[in-house]
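Below is one structure; the comments refer to it alone.
There are 2 protein chains.
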Amino acid sequence: MTTEQPVTTEQPEQPGQPGKRPAKRPAKKRQQAGTKATVKDGYVLEDQIGFLLRKANQRHRSIFGNQVKNNIAPAQFSALAKLHQLGPLSQNHLGRLIALDSATIKGVVNRLVQADYVTSERSEDDARLRIIDLTTHGRIRIKGLLPLAEEITQLTLAPLNDQEAKTLHRLLSKIAGSLD
Amino acid sequence: MTTEQPVTTEQPEQPGQPGKRPAKRPAKKRQQAGTKATVKDGYVLEDQIGFLLRKANQRHRSIFGNQVKNNIAPAQFSALAKLHQLGPLSQNHLGRLIALDSATIKGVVNRLVQADYVTSERSEDDARLRIIDLTTHGRIRIKGLLPLAEEITQLTLAPLNDQEAKTLHRLLSKIAGSLD
DNA sequence: CGAAGTTCACTTGTGTACGAGTGAGTTGAT
DNA sequence: ATCAACTCACTCGTACACAAGTGAACTTCG
C-alpha cells in the first residue's frame, strides 16, 4: 500500500497568496519548488481505511436523505424495520439488534414516539423493561419505506458491478463483525 | 465491548406477550424453522450496505478510541494530520480536505484551539479567512500520533488478508468517491 | 463603478454515537 | 430469604454530521 499517490487530491492552495483563489483550479501549479504536497508523507489520510469508511458512509447517508426526505433518519428507519420484522421488543434489545447503545436508542425511540410511529410501554412482567411496538401509523410508514431501501442500496453501490458489490458486502461483513 | 457474556445470545424474557415468542434472534443463522421473522422478509437489515458501513465504522472508531485514548477524536486527528502535511490552511479549506462541512469543522477547530494544538488567525489578505495553523504543541502531538495510525489501520483490517484489504480499499474508494 | 454572484465563517436546530455513572428491578447462588 | 451480580432504562457530557440561513468580504462582469 501507499505505493500510489492519489493525484486526485486537492491542491494545497497557499493561503497567504495575493493571487487569490479561483475556487477550482487545475492544481499542479504552485508549489513545485520545495517538494510535492506530500512532504512529510508516508501517511496519506486519503488512503486510511477509516477515512474511506467515513466517506462511504457520508455518501450513503446523503443518498438515504435524498430518497427518504420525509423526516425519517437512518437509525429510525432501522428501528422501524426491525420492529416490523420481529414485533414488539424491549428498548435495549431493539437497540442491540440495530447496533445502538442504550443512550442512543433512547433518543431514537423518543423521536419515534413523538412522531407516533411507535409506543413505549412498561412491561408487566418485568418492571424494568420498556416494550417498544409499532403503531398502525408506524406500520404503514415502514411498509411504504421498505421498497425504497432497495433503491438506496442500488444507488449506493452504483459505482460497482455486481461482482464487486458482492465482494464489498462480504469484506465489510468481515470487518464489521464483532466489535470488541 | 461488553465482551460476550457466558449467556452467549442475550435472549431476554418474554416481553409480556403470551403466546408470542420473542423471536429468538438469529445472530447470523437465517432461521429456517420458519417461525416469524421470515414472514415479511426479503428485507434483511443486516444485509443492507448502509448497515454494514455503519457497523464497520463503529468498529473502526472503537479501535481508534482504544489506541488513541488521550482525548483526541478521529476528526481532530484528521485535521492535525492534514495541517501537518500541508501547512496552514483556511478553516473551510481544511474542512473540505477532510470531508467536513463548515459547521462541523468549526467545532473541530474550536476544540483543537482550546487544546492548544492549533491557532486560528484572520488572514491579512482576505478578511473572511481564518487561517488554521499547528502550534508547536500540536506538531509534537501529531508527530507522536502518526505511527499509531498505521496500527489502527492494521487492527481494523485484521480480519482480512492482504489481498482482501487491498480489494476493500479499492471498492470503498469507488463508492466513497463523489458525494452528490 | 456597481450589481450580481460567490465564498467565508458562523449560528441554530436536529440526529446519531458513545463513555460513564445512577438507581430501580430481577435473578442466581448460597 | 438474602445478598451479590446483573440488566434495564435513564441522564450527563462530549463529539461528529449536516441542512438551512445570516451577513461580511471578495470577485466578476457588464
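Heads up: the sequence lines are chains A and B, in that order.
Residues 3 to 182 (this note's numbering) are what the first sequence spells out, left to right.
Residues 3 to 182 (this note's numbering) are what the second sequence spells out, left to right.
Backbone N, C-alpha and C fix where the C-beta goes; we use that ideal spot for every residue, glycine too.
Just so we're clear, the structure is a prediction, and the values are computed from it rather than from any experiment.
Residue range of the unbroken beta strand (DSSP E) whose run includes residue i
i	result
A/S122	120-124
Three-way DSSP call (helix, strand, coil) for residue i in this model
i	result
B/R132	strand
B/T137	coil
A/G179	coil
Within chain B, the residues that residue i reaches when beta carbons sit closer than 7 Å
i	result
A/T169	T169, L173
Within chain A, partners of residue i - CB distance below 9 Å
i	result
B/N59	G52, L55, R56, A58, N59, A178
B/I154	Q50, I51, G52
B/S80	L47, Q50, G52, F53, R56
B/L162	L173, K176, I177
Where the alpha helix (DSSP H) containing residue i begins and where it ends
i	result
B/N112	104-116
A/A160	A/A160 -> no alpha helix (DSSP H), and no H or E assigned at all.
B/L88	76-88
A/N68	51-70
B/L186	Only positions 3 to 182 of chain B appear in this structure, which leaves residue 186 of chain B out of reach.
A/R97	With the sequence shown as reference, residue 97 of chain A is identified as Gly, and Arg is not the correct amino acid for it. That run of the alpha helix (DSSP H) goes 93-99.
Within chain A, the residues that residue i reaches when beta carbons sit closer than 8 Å
i	result
B/E123	Within 8 Å Cβ-Cβ: nothing; B/E123 doesn't reach chain A, min ~10 Å.
B/A101	F53, R56, K57, Q60
B/L159	I51, I177
B/L136	Per Cβ cutoff of 8 Å: no residues; B/L136 is ~12 Å from chain A at best.
Residue i classed as buried or exposed, judged by whether at least 16 other C-beta atoms fall within 10 angstroms
i	result
B/A83	buried
A/P76	buried
B/G179	exposed
A/P149	exposed
B/H62	buried
B/T106	exposed
A/N59	buried
A/A167	buried
A/I142	exposed
B/Q50	buried
A/K57	buried
B/G67	exposed
B/H171	buried
A/T138	exposed
A/V120	buried
Spatial neighbours of residue i in its chain, beta-carbon cut-off 8 Å, leaving aside the 5 residues before and after
i	result
B/K145	H86
B/R124	L131, R132, I133
B/T169	none
Beta-carbon neighbours of residue i, restricted to chain B and to distances below 9 Å
i	result
A/H62	I51, G52, L55, R56, I177
A/K84	L47
Same chain, Cβ closer than 6 Å to residue i, five either side skipped, listed in chain order
i	result
A/N94	S104
B/L99	K84
A/I154	I65, F66, Q69
B/T158	H62, I65
A/R113	none
7 Å Cβ shell around residue i - same chain, five flanking residues per side excluded
i	result
B/V110	A77, Q78, A81, L102
A/D127	none
A/A2	Nothing about residue 2 of chain A can be read from this structure; chain A reaches only from 3 to 182.
A/P90	I133, I134, D135
Per-residue contacts from residue i into chain B (C-beta, under 8 Å)
i	result
A/L148	Y45
Cross-chain neighbours of residue i in chain A, by beta carbon under 7 Å
i	result
B/A151	Y45, Q50
Any non-hydrogen atom of the ligand NAD within 6 Å of residue i CB
i	result
B/H139	Ligands in the displayed structure: none, and consequently the ligand NAD is not present.
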